[in-house]
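Below is one structure; the comments refer to it alone.
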Amino acid sequence: MLCIKGGKLVTPAGINERDLWIDGEKIVSGEGRGGRIEVYDASGCLVFPGFIDAHTHLEMDNGVTVTADDFPSGSAAALAGGTTCILDFATQDRGGALRDALDRWFRLAEGRSYCDFAFHIAVTDWNPSTKGELADIVRRGVTSFKVYMAYDNLRLTDEQMLELLKATRELGCITGVHCELGDEVNRRVREELSAGHMDVKYHPLSRPNEVEGRAVRRLMELARESRSPVWVVHLSTREGLAEIRAAREKGVAVLVETCPQYLTLTEEVYIKPDFEAAKYVCSPPIRSREDKSELWKAIKGGEVDIISTDHCSYNFAGQKELGRTDFSKIPNGLPGVEHRPALIWTYGVCRGKITPVRMAALLSENPARAFGIYPRKGSLEPGSDADIVIWDPQFRGTLTAVKQLQKVDYSPWEGFALEGRARAVFLRGELCAENGRIIKGPCGRYVPRRATWRKH
Ligand code: URP
Ligand code: ZN
Ligand code: ZN
0 MLCIKGGKLV TPAGINERDL WIDGEKIVSG EGRGGRIEVY DASGCLVFPG FIDAHTHLEM
60 DNGVTVTADD FPSGSAAALA GGTTCILDFA TQDRGGALRD ALDRWFRLAE GRSYCDFAFH
120 IAVTDWNPST KGELADIVRR GVTSFKVYMA YDNLRLTDEQ MLELLKATRE LGCITGVHCE
180 LGDEVNRRVR EELSAGHMDV KYHPLSRPNE VEGRAVRRLM ELARESRSPV WVVHLSTREG
240 LAEIRAAREK GVAVLVETCP QYLTLTEEVY IKPDFEAAKY VCSPPIRSRE DKSELWKAIK
300 GGEVDIISTD HCSYNFAGQK ELGRTDFSKI PNGLPGVEHR PALIWTYGVC RGKITPVRMA
360 ALLSENPARA FGIYPRKGSL EPGSDADIVI WDPQFRGTLT AVKQLQKVDY SPWEGFALEG
420 RARAVFLRGE LCAENGRIIK GPCGRYVPRR ATWRKH
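In numbering that gives the first Met the number 0, the protein residues as written are 0 to 455.
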């Protein structure tokens, strides 16, 4: 038995100081069967349920290059920062089966992951056999899917998306959508390049707010027509938010996700000199100060449900550099899986934007509920997995790539102050990370999920 003493437990009912008991892999209500008791002193710390990152891309091949982080490095970085479970995207090959994508991701993760893991499937090729596979995929514990509206090698047509939404609804699943209008993006990129605009600063100009806003509107229409729940991944704009608000008023079930980069950075990153700006190339791009503050307001007001990272890391050297003379060739994506809890703590909780209870909801309970793993994950109640983060609010430090476990050669938050960190991370009852370092593993296990989105 393990007893975590002296910490302040962060629960949906508030923060309370009490002992937390663990027997083997589970949280229990008290001393129970007795025997030897180990005590962990959490005095001065908060005790959070293990954080869940519902949006990562590890070992993902974008057709030109493979993400810098693989399962060992990405999951170790996650765990060290306080994330005990990740949901990664198994991406279907065009012409390939969903089951092959899932098999491949199992091979990548099993025995190599430091934190627990689950999968969504990104559907890139919709045909009758894809549809026929869905029920089997759900039986294997994958109960959410993703569609891209942009990226020519990944996207589906609206018609295909509608069919997918109708089919996943029947199975009680939710579908996430990358909301950017692909044709609009392609046209704007073409126009910039043909005007000789090759620099990084043209990346955000080719993907303005309205390209997201109009894509969200289209998705809301498809969600309404299919009566399927949808998940707007990485929301970045006021325009997108307004469309979601309007759709919710009409009864559309929308799960809204944003990411630390849209809450802590602003578009000025794209005028950094010496190609430094390439470090911030992601889609959707980093937005204005106004968008950032509207997203924080939406978080405060309960309109955003989850904060994930969209961790998709590419090294500056050799990977981001692929686009030195043509911004459209810079691989899209940012790292973040290691630092999401500390960034949201520092720039959310410590700046008075959200409470620790709300942080626990956005980073743990809500993703667990949305993706069918609650209360096994996302809870400190008896019966839940003993995934526990002992959070040290006294820690003061500076984020730097030199110290990170992510296997990528930079951080978008280099030099940012941090005002708290995970002092200890328990994965199913085992102390696996301390003060940003891994001390045990890889012990991560697959977490099969339930289909929890009832038809409405
Ligand atoms: O730029 C990004 N976000 N890359 C990762 C893949 C995606 O769009 O989610
Ligand atoms: Zn995306
Ligand atoms: Zn993504």
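Backbone N, C-alpha and C define an ideal beta-carbon position, used for all residues, glycine too. Note that the structure is a prediction, hence the values are computed from the model and not measured.
Under DSSP, P48 takes part in a beta bridge, and its partners are I387. Counting other Cβ atoms within 10 Å of its Cβ, K328 stays below 16 and is therefore classed as exposed.
About 7 angstroms separates the beta carbon of F144 from that of L163, a gap short enough to meet the 8 angstroms contact definition.
Between the segment 70-79 and the segment 417-434, the count of Cβ pairs shorter than 8 angstroms is three or higher; the stretches touch. In terms of Cα proximity to S307, the closest of R339, K296, E293 and L294 is R339. For V137, DSSP records no beta bridge to any residue. For V348, DSSP records no beta bridge to any residue.
If you ignore the 5 residues before and after A359, its C-beta comes within less than 8 angstroms of the C-beta of V9, T10, P11, F47 and P48, all in its own chain and listed in chain order. C-alpha of D391 to C-alpha of E320: approximately 37 angstroms in a straight line. Distances from the CB of G332 to the heavy atoms of ligand 1 include at least one below 6 angstroms. Taking the C-beta atoms as reference points, V27 is found no nearer than 7 angstroms to P366. Between D182 and the set A385, M148 and H119, the nearest pair of CA atoms involves M148. Per DSSP, reduced to three states, the secondary structure at L426 is strand.
Listed by position in the chain, the residues whose beta carbon lies within less than 7 angstroms of some heavy atom of ligand 2 are Y147, H177, V232, H233, S282 and D309. The beta carbon of C258 sits no closer than 6 angstroms to any heavy atom of ligand 1. With respect to the 7 angstroms criterion, G81 and V356 are not classified as neighbours on the basis of their beta carbons. Following the DSSP letters along the chain, one finds Y147 inside the beta strand (DSSP E) bounded by residues S143 to Y147. Our two residues, R395 and F425, have alpha carbons roughly 22 angstroms apart in a direct line. An exposed status is given to P127, since fewer than 16 other beta-carbon atoms sit within 10 Å of its beta-carbon.
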